[in-house]
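Following: one structure in structure tokens, then a few remarks.
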Amino acid sequence: MGEQRLDIYSVDPKATQAVLGLEKYVRSSGLDPALYELIKIRASQLNGCAYCLDMHNREARSGGEDQRRLDVLAGWREAAGLFTEAECAALAFTEAVTRIGEAGVPDAVWDELARHFDEQTVVHLLMAVSVINVWNRMAVATRQRLPDTTG
1 MGEQRLDIYS
11 VDPKATQAVL
21 GLEKYVRSSG
31 LDPALYELIK
41 IRASQLNGCA
51 YCLDMHNREA
61 RSGGEDQRRL
71 DVLAGWREAA
81 GLFTEAECAA
91 LAFTEAVTRI
101 GEAGVPDAVW
111 DELARHFDEQ
121 TVVHLLMAVS
131 VINVWNRMAV
141 ATRQRLPDTT
151 G
């Protein structure tokens, strides 16, 4: 991976504060915190963001998430019964938005999302996926170091 290229916060704290504003909005939106963690982890898996994977897996476990669900999240489609239909719709949406350049957000993904969530919650989900993708891009681009948890 190499050395961390840049510490965004120390160079320009306002850059991080701007993203924190979006994070604060999502956290206060009423979106289920457990679902939000699944979204953050799945997007971070797709983006290869070790920093965010480390953080959000720890947060999910401390929030009571089942380790088995975390273990199979990358293969959620094959994990029949471990995720609700609504969670599956949100995860499919997370993948489509994260990979938006490949095929956009297909109608089938959108329709399934709309079947489980009202329009306000869809806005919250879109903002949740958007903010974790911003964090992932910042961390991966700068090679953000994992925190030292040994001490």
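Taking the UniProt record's numbering, I'd label the letters of the sequence shown as residues 1 to 151. Here a beta-carbon is modelled for each residue, glycine too, at the ideal position from N, C-alpha and C.
- Do Val26 and Ala128 come within 8 Å of each other at the CB atom, strictly closer than that value? yes
Among Cys52, Leu38, Val105, nearest to Gly75 - alpha-carbon criterion: Leu38
*asked:* Does the structure place the region 136 to 144 close enough to the region 42 to 57 that three or more beta carbon pairs sit under 8 Å?
replied: yes
Runs of 3 residues minimum, wholly inside the region 55 to 143: which ones carry the beta strand (DSSP E) assignment? none
With 16 as the cutoff for other CB atoms within 10 Å, does Ile100 come out buried or exposed?
exposed
Answer with buried or exposed for Thr84, where buried requires no fewer than 16 other C-beta atoms within 10 angstroms of its C-beta. exposed
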